[in-house]
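Novice:
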Amino acid sequence: MKRFVRVILIFVTLNMFSGQMGHAAITDFFKYFTFSEEGVMKIWKEKLHKGKVEYKLAKAGNEAYVHGHSKAAASGLYYEFSEKDRYNPTQRPYISWKWKVDKFLKKTDDPKFQEDDYPARVYVIFPAKVFIFSKCIEYIWDTPNSKHKEGDNSKSPLSSRIRFKILKVGEKKGWQFEERNVYQDYMELFGEEEVDDQIGAIAFMSDSDDTGSESIVYFDEMKIGYKTPMTPSP
């Protein structure tokens with residue numbers, strides 16, 4: 001899985017000034033993906049790393065969502081903002097989504113693999129003109145036998161410019177709603193007092209290639225770039 005985010009960062013960086021990307025603008029409040037129509041998947045690009053995770057639209061009653069089924073595979077879907085739609089999260093810091101894990105991959109005792117496979121991730125990508133200066137935040141749902149605890153932060157073994165925030169560990173009942181202040185997370189994870197970078201892409205994935213196991217996940221209702229939280233502070 002390690003190369004997935006690197007490939008996305010390279011692709012987005014190389015296209016930063018092409019002016020030919022993206023299909024939708026961010027509103028004053030947020031960009032909202034409901035995954036309720038077949039056409040919405042066409043603006044999400046797929047990036048394969050090892051094998052192919054099966055991503056498809058699924059429905060239960062009136063609810064539609066993305067279903068991901070990974071069998072010893074690693075691939076993800078990403079949405080790339082056009083140059084004019086990229087934005088600094090200082091003024092519009094919030095993103096949110098719903099996710100669910102029905103089947104968890106089986107991690108081994110090998111510490112190398114412990115860091116590589118996660119049933120569900122959401123990426124916020126900050127491309128730079130020079131690739132090596134690009135950054136990424138990964139929001140992670142980890143397995144029940146993880147060494148991590150919810151709320152843990154860590155650096156990716158791939159690069160110090162990729163930071164992990166563990167949001168969920170193990171089984172949870174039903175859909176889980178996540179809302180993150182990307183501005184605050186960026187400063188916390190990278191140890192900086194301000195955010196100079198712009199968000200250039202959002203991605204999500206499930207990967208089980210290193211463990212050779214299987215996971216089943218769901219994603220829905222991704223809201224990006226809004227000003228005030230929808231959930232009250234604790």
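Note that our numbering has the sequence shown beginning at 1, numbered continuously upward. From the three backbone atoms N, C-alpha and C, an ideal C-beta is built for every residue, glycine too. Computed from a predicted model, the values in this text were never measured in an experiment.
1) Taking the beta strand (DSSP E) that residue 204 falls in, what are its first and last residues?
2) Please list, in chain order, all residues of the same chain as residue 230 whose beta carbon is under 7 Å from its beta carbon, the five residues on each side excluded.
3) Taking the alpha-carbon of residue 195 as reference, which of 39, 181, 37, 67 has the nearest alpha-carbon?
4) If you compare alpha carbons, which of 131, 67, 143, 154 is closest to residue 197?
5) Per the contact definition of three or more C-beta pairs closer than 8 Å, is the stretch 155–169 in contact with the stretch 203–211?
6) Output needed for residue 98: all residues of its chain with C-beta closer than 6 Å, excluding positions within five of it in sequence on either side, in chain order.
7) For residue 83, tell me which candidate among 46, 128, 41, 42 has the shortest Cα-Cα distance.
8) Check this for me: beta carbons of residue 73 and residue 101, under 8 Å apart or not?
9) How about residue 212 and residue 87: are their beta carbons less than 8 Å apart?
10) Compare the C-alpha of residue 141 against each of 162, 104, 163 and name the closest.
11) Cutting at 6 Å between CB atoms, please list the residues of its own chain near residue 186, excluding the five before and the five after it.
12) Give me, in chain order, the residues of the same chain whose beta-carbon lies closer than 7 Å to that of residue 237; leave out the 5 immediate sequence neighbours on both sides.
13) Count the other CB atoms within 10 Å of the CB of residue 133; is the residue buried (16 or more) or exposed (fewer)?
14) Applying the 10 Å Cβ sphere with the 16-neighbour rule, what's the burial state of residue 144?
15) From residue 298 to residue 163, what does the alpha carbon distance come to, in whole angstroms?
16) When DSSP labels each residue in this structure, what does residue 91 get in the three-state scheme?
17) Please identify the residue among 69, 136, 169 whose C-alpha is closest to the C-alpha of residue 151.
Specialist: The structure says:
1) 201–207
2) Taken in chain order, the residues that qualify are 96, 179.
3) 181
4) 131
5) no
6) Excluding sequence neighbours, residue 98 sits near 175, 177, 220, 221.
7) 128
8) no
9) no
10) 104
11) For residue 186, where only same-chain residues beyond five positions count, the Cβ hits under 6 Å are 195.
12) Absent from the structure is residue 237, since the part of the chain shown begins at 1 and ends at 234.
13) exposed
14) exposed
15) Past the edges of the chain, shown from 1 to 234, lies residue 298, and the structure says nothing about it.
16) Three-state result, residue 91: coil.
17) Put simply, of 69, 136, 169 the residue whose alpha carbon is nearest the alpha carbon of residue 151 is 169.
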